[in-house]
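Going by this note's numbering, the sequence shown wraps up at 387, each residue one higher than the last.
Built from N, CA and C at the ideal position, the CB exists for glycine as well.
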Amino acid sequence: MGSRKKPATVTRKKAGLACPLVQTLRQYGLLETIVSCLAPSDLLSLALSCKATYRAILPRTGSLENLLGKTLCCGSGIALRQRVHIKSSFFYQFKCTEFAQCRTASGRHSIESRSCVNCKVTTCDECRIHCVYQSIYEAPTDPGDLPNFSGFVMLDPFEVGILSPHHLASEPELSEAASLPKWQDRASDPAAGPYHDQGFLDLPLQFEQSGTPQKISDVIDVDLGYNSLKTWSGTSQFGFPAPVLRSLCNVTEQRKLFLCDCCFTDASKGYKALKPELPNLSWLDRQTEGSAKKTLKKCHCSLRSQILDRWQCTKCYAKEQSTIENIHSMAPEPEYQECRCGQPANKPVCMWCWGEVAERSDAIEQATFADDLSVNEEPEDYIQEE
């Protein structure tokens, strides 16, 4: 009995046909629609499923960056915030409510989304880094009273009090607050807020300290090239740095890299010219690329320009801040101001913008403040002695 011949088959390759999914992905309008329903990890999984889908989704350099900006926010920022932010005992004692949900999980399309300035992944306003997150609400016990608000400073763990403009509306310079809408509970009112980076920052709730609330908009607009938060404050009766600004002050002070005259001259060529070498400060590469200046530019960074205006996801911010903290931790104590090369240092450089920090030294500021106090106290002491 002769062997049977196998029936002839025509493969898709021989017929010149592609898989229907691949054909769909090659149509960019349909690809964008599909991607808009995917998280970034889903997009990468689809692209890496086979060579055909990879070529259809990423036909050229830059395709991935463009498509990542059209994906859904994956909620990684909220997940990071929940790991590091610790609610105080008052949250449970007074039955507070919290709103800390990303646009995708909450379904609130009023929450803005943009691409992260670093990784290019779509990031909603709740998942990006803020100077002050207002996320917790405490209902008033008396209908005539104002509710209480609180939240967190960046990725600092401690819950801090936040006053709305209406809490201080009796102040003459804040009389216009009476015409503003009152802050509401974001957890129960989808139209409320967000109130991030607004109002007045108060002390951590479980700290037994005294301090004056600081207007957040004033703090985040301080020109850090000429002013240090260690010596800047709307009020000074509680000393420097102002107690409510300590978390923000730590962030802004850590960005300073003190150099000797020789290293400061080399710094004009970029951070990679320094010896010993610095870790990779990737956010500076585009700013200093091709730079051949004889002198450094002046720093004019503010918390608004470097934190809020950049629209950076919390994951990328945490990575950058960790790099800066590691460099800062290897430096001697600030009192010694020793350069990384071992020589005496007197030139601070900003690791956010790689510009010269021209502010007056903290010692001069504090000495001036101390002198002012002593001058004001001398007449009173003299009268008491008499």
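How should residue i be labelled, buried or exposed, when 16 other C-beta atoms within 10 angstroms of its C-beta is the threshold for buried?
i	result
Met-331	exposed
Asp-143	exposed
Gly-200	buried
Arg-104	buried
Asn-149	buried
Pro-349	buried
Gly-30	exposed
Lys-316	buried
Ser-107	buried
Arg-38	Per the sequence shown, the amino acid found at residue 38 is Cys instead of Arg. So Cys-38 counts as exposed.
Pro-41	buried
Arg-187	buried
Asp-203	buried
Ala-57	buried
Tyr-138	buried
Thr-296	exposed
Hey, how far is the Cα of residue i from the Cα of residue j?
i	j	result
Cys-261	Ala-359	15 Å
Pro-21	Cys-74	28 Å
Ile-308	Leu-49	34 Å
Val-118	Ala-319	14 Å
Lys-257	Ile-328	10 Å
Glu-366	Thr-232	Unreliable positioning characterises Glu-366 in this predicted model, as indicated by a pLDDT of 46, which lies under 50. The coordinate reading is nonetheless provided below. Their backbone Cα atoms lie some 7 Å apart in a straight line.
Arg-27	Leu-246	52 Å
Leu-32	Leu-65	12 Å
Asn-347	Cys-300	16 Å
Arg-129	Tyr-272	27 Å
Leu-69	Glu-209	46 Å
Pro-191	Gln-102	12 Å
Cys-314	Gln-344	37 Å
Leu-249	Lys-121	26 Å
Leu-230	His-86	23 Å
Arg-61	Asn-228	46 Å
Thr-54	Ser-77	26 Å
Cys-351	Trp-312	20 Å
Trp-184	Cys-263	53 Å
Leu-181	Arg-305	23 Å
Pro-141	Gln-135	17 Å
Lys-270	Ser-114	36 Å
Pro-195	Glu-99	12 Å
Cys-302	Glu-339	24 Å
Leu-225	Phe-241	16 Å
His-388	His-110	Here the chain comprises residues numbered 2 to 387, so residue 388 is not present and cannot be evaluated.
Arg-84	Leu-156	10 Å
Ser-234	Leu-164	17 Å
The beta strand (DSSP E) with residue i in it runs from where to where?
i	result
Val-36	It is not in any beta strand (DSSP E) - Val-36 instead sits in the alpha helix (DSSP H) that spans 29-36.
Ser-114	114-116
Val-154	149-154
In the structure shown, what three-state DSSP assignment does residue i receive?
i	result
Tyr-134	strand
Cys-317	helix
Ile-163	strand
Val-358	coil
Pro-41	helix
Arg-129	strand
Ser-323	helix
Ser-189	coil
Pro-195	coil
Lys-299	strand
Pro-345	strand
Thr-72	coil
Thr-105	helix
Thr-98	strand
Thr-54	helix
Asp-363	Legend: pLDDT at Asp-363 = 45, less than 50; position of this residue unreliable, no value from coordinates given.
Return the first residue and the last residue of the alpha helix (DSSP H) that residue i is part of.
i	result
Lys-348	Not the alpha helix (DSSP H): Lys-348 falls in the beta strand (DSSP E), residues 348-351.
Gly-78	77-85
Pro-60	Neither: Pro-60 is in no alpha helix (DSSP H) and is coded neither H nor E.
Phe-91	90-94
Gln-24	21-26
Confirm the yes/no value for this check: CB of residue i, any heavy atom of the ligand SAM, distance under 7 Å.
i	result
Ser-269	Absence of the ligand SAM from the depicted structure is noted, as is the absence of any ligand whatsoever, leaving it without description.
Would you say residue i lies against chain B (beta-carbon separation less than 8 Å)?
i	result
Lys-231	The question asks about chain B, but that chain is absent: this structure has only one protein chain.
Whole beta strand (DSSP E) elements within the stretch 203-291, 3-residue minimum: 257-260
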